[in-house]
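Visitor: Taken in sequence, the protein lines are chains R and F.
Under the working numbering, read the first sequence as residues 285 to 409, first letter to last.
Under the working numbering, read the second sequence as residues 70 to 266, first letter to last.
Provided herewith is a single structure, encoded as structure tokens, for subsequent inquiry.
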Amino acid sequence: MAADTPGHDWLDMDAGPVVRPYTVTGGRVRPATGFDLVAFVVAAPLDRVDAAQLQPEHRAIIEVAQRPVAVAELSARVDLALGVVRVLLGDLLGAGLVVSYEPQPAAALPNYDILQAVVNGLRAL
Amino acid sequence: MDSVRSERPGAGQRIPMALKILIAGGFGVGKTTLVGAVSEIRPLQTEEVLSSAGEDTDDVSGVEAKTTTTVAMDFGRITINEDLQVYLFGTPGQDRFWFLWDELAFGALGAVVLADTRRLADCFPSVDYFETRRTPFVVGVNCFDGKQLHSPASVRNALDLDPDVPVVLCDARDRQSGKDLLIALVEHVAKRRVVAA
């Protein structure tokens, strides 16, 4: 987490967030639909993005998502709460700057071959 | 120039399939330790912000009045191959964060419930939760300091588990032991699929 953020004498993890989490979303708390914890998102190439139109947090998400990344991992890497990341992802989705690949619903979850591949993969680790 | 390119972002990139496994159990039973022992990355943390405002509130004027709490969730990743990844999520230890469990459990392949025989009752809520949701799970009896205080059979009795639920002795600090737990879970899931089919 942010434990190794450049030092400050009196602002540390114990001090709590210095900026209220939803400030970066302009106070919007309604979660965008979708964006499961393990949905993968991919962003448009950086050279197609007009950075001036975006908040720094949007841009940070686009940079991390140049390669497919799971939403939970994206949240950890940009160090923003999940709900905040979902709102920002909703903005980017609306602007056509990211695509989201939701996981299959539980009912359609993995067939026997996939489960066997997981077992074999775990054994081989 | 490729600035005129118009295909969707991510076109042509391989999107892996991600399977979600939950690591549950009482506070301090070794969930994060287990995630760290088997994850290929240093465990990451994501936070969910709880606010007293409900989801139907989307009004900027209300923001300043809300009280917020953050709940941290630790997770790790195991890459099986380029098309398949396993994400391990430690569940929040406190009961008041139950609603987060629903999000975590949604679409999960299954769960590992870690039990500490010195405080066995701590894992009752997890066992109840997964039984109610019909989420497949295995029970890992964490043997702290290599001490095995109770047999798997006595733990099974104490938890009143269905006979097909695997109970495995483990050491949450040990990578091999953690892998064995996950293998037991995935084999259990596969067996249930075959029986159900």
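We treat Cβ as the ideally placed atom computed from N, Cα and C, and that holds for glycine.
Owing to the predicted nature of the structure, the values given are computational and were not obtained by experimental measurement.
(1) Is it right to say residue 80 of chain F is buried, meaning 16 or more other beta carbons lie within 10 angstroms of its own, or is it exposed?
(2) Give me the subset of the region 250-261 of chain F whose CB atoms are less than 9 Å from a CB atom of chain R, sorted by chain position.
(3) In or out: residue 146 of chain F buried (at least 16 other Cβ within 10 Å) or exposed?
(4) Suppose only complete runs of 3+ residues qualify. What are the beta strand (DSSP E) ranges in the region 204-233 of chain F, listed by chain order?
(5) Output yes if chain R places a C-beta closer than 8 Å to the C-beta of residue 144 of chain F; else output no.
(6) Whole angstroms are fine: how far does the CA of residue 218 of chain F sit from the CA of residue 358 of chain R?
(7) Going by Cα to Cα distance, which pick from F:139, F:148, F:189 is closest to residue 161 of chain F?
(8) Output the distance between the C-alpha atoms of residue 154 of chain F and residue 225 of chain F, rounded to the nearest integer angstrom.
(9) Residues of chain R with CB under 7 Å from residue 84 of chain F, in chain order?
(10) Relative to the alpha-carbon of residue 211 of chain F, which residue among F:115, F:188, F:201, F:231 has its alpha-carbon at the smallest distance?
(11) Curious, which full-length beta strand (DSSP E) runs of at least 3 residues does the region 308-357 of chain R contain?
(12) Would DSSP call residue 404 of chain R helix, strand or coil?
(13) Residue 188 of chain F CB to nearest chain R CB: under 8 Å?
(14) Could you check whether the Cβ of residue 289 of chain R sits closer than 8 Å to any Cβ belonging to chain F?
(15) Are there three or more Cβ pairs, one per stretch, closer than 8 Å when the region 108-115 of chain F is compared with the region 341-353 of chain R?
(16) Whole angstroms is fine: what's the gap from residue 304 of chain R's alpha carbon to residue 228 of chain F's?
(17) Check whether the region 82-100 of chain F touches the region 323-337 of chain R, counting contact only when three or more Cβ pairs, one atom from each stretch, lie closer than 8 Å.
(18) Please tell me whether residue 191 of chain F and residue 98 of chain F are closer than 8 Å, where the distance is taken between their beta carbons.
(19) Give the C-beta separation of residue 88 of chain F and residue 402 of chain R to the nearest angstrom, bearing in mind that I take them to be a contact with Cβ-Cβ under 8 Å.
(20) Determine, using beta carbons only, whether residue 205 of chain F comes closer than 8 Å to chain R.
(21) Within 10 angstroms of the Cβ of residue 263 of chain F, are there 16 or more other Cβ atoms? Answer buried if so, exposed if not.
(22) Just checking: is the beta-carbon of residue 72 of chain F within a distance shorter than 8 Å of some beta-carbon in chain R?
(23) Using the Cβ count rule (16 or more neighbours within 10 Å means buried), how would you classify residue 78 of chain F?
(24) Given residue 386 of chain R, which residues of its chain have a CB within under 6 Å of its CB, disregarding the five upstream and five downstream residues?
(25) Does the Cβ of residue 389 of chain R have 16 or more other Cβ atoms within 10 Å, making it buried, or fewer, making it exposed?
(26) Could you list which residues in chain C have their beta carbon closer than 9 Å to that of residue 156 of chain F, in chain order?
(27) What does residue 367 of chain R reach in chain F if we use C-beta pairs closer than 8 Å?
(28) Counting only beta-carbon separations shorter than 8 Å, does residue 161 of chain F have a partner in chain R?
Guide: By the coordinates alone:
(1) The residue is exposed, with fewer than 16 neighbouring Cβ atoms inside 10 Å.
(2) Those would be 251, 252, 255, 256, 258, 259, in chain order.
(3) It counts as buried.
(4) The qualifying runs are 206-211.
(5) Yes, its Cβ sits closer than 8 Å to a Cβ of chain R.
(6) Each residue's Cα considered, the two are about 41 Å apart.
(7) Considering only F:139, F:148, F:189, the residue with the shortest C-alpha distance to residue 161 of chain F is F:139.
(8) About 31 Å.
(9) Within 7 Å Cβ-Cβ: 324, 352, 385.
(10) Selection F:115, F:188, F:201, F:231 evaluated against residue 211 of chain F yields F:188 as nearest (Cα-Cα).
(11) DSSP runs (the beta strand (DSSP E)) wholly in the region 308-357 of chain R: 324-327.
(12) In this structure, residue 404 of chain R counts as helix in the three-state DSSP scheme.
(13) At a cut-off of 8 Å between beta-carbon atoms, residue 188 of chain F makes no contact with chain R.
(14) Residue confidence for residue 289 of chain R is low, a pLDDT of 47 falling below 50, so the modelled location carries little weight; the figure read from the coordinates is stated next. With 8 Å as the cut-off, residue 289 of chain R does not count as an interface residue toward chain F.
(15) Output reads no: the region 341-353 of chain R does not touch the region 108-115 of chain F.
(16) Here the C-alpha atom of residue 304 of chain R lies approximately 42 Å from the C-alpha atom of residue 228 of chain F.
(17) Touching, yes, given that three or more Cβ pairs across the two stretches are closer than 8 Å.
(18) Yes, they are a contact pair.
(19) Indeed they touch by this definition, with Cβ atoms about 7 Å apart.
(20) Closer than 8 Å: no.
(21) Under this definition residue 263 of chain F is an exposed residue.
(22) Residue placement at residue 72 of chain F is poorly supported in this model, since its pLDDT is 40, which falls under 50; the coordinates are not used for a value here.
(23) That one is buried.
(24) Shown here for residue 386 of chain R: same chain residues with a beta carbon closer than 6 Å to its own, the five before and five after excluded, namely 318, 320, 323 in chain order.
(25) Counting Cβ neighbours within 10 Å, residue 389 of chain R comes out exposed, since fewer than 16 surround it.
(26) No chain C appears in this structure, whose protein chains are R and F.
(27) 117, 118, listed in chain order.
(28) No, no contact with chain R.
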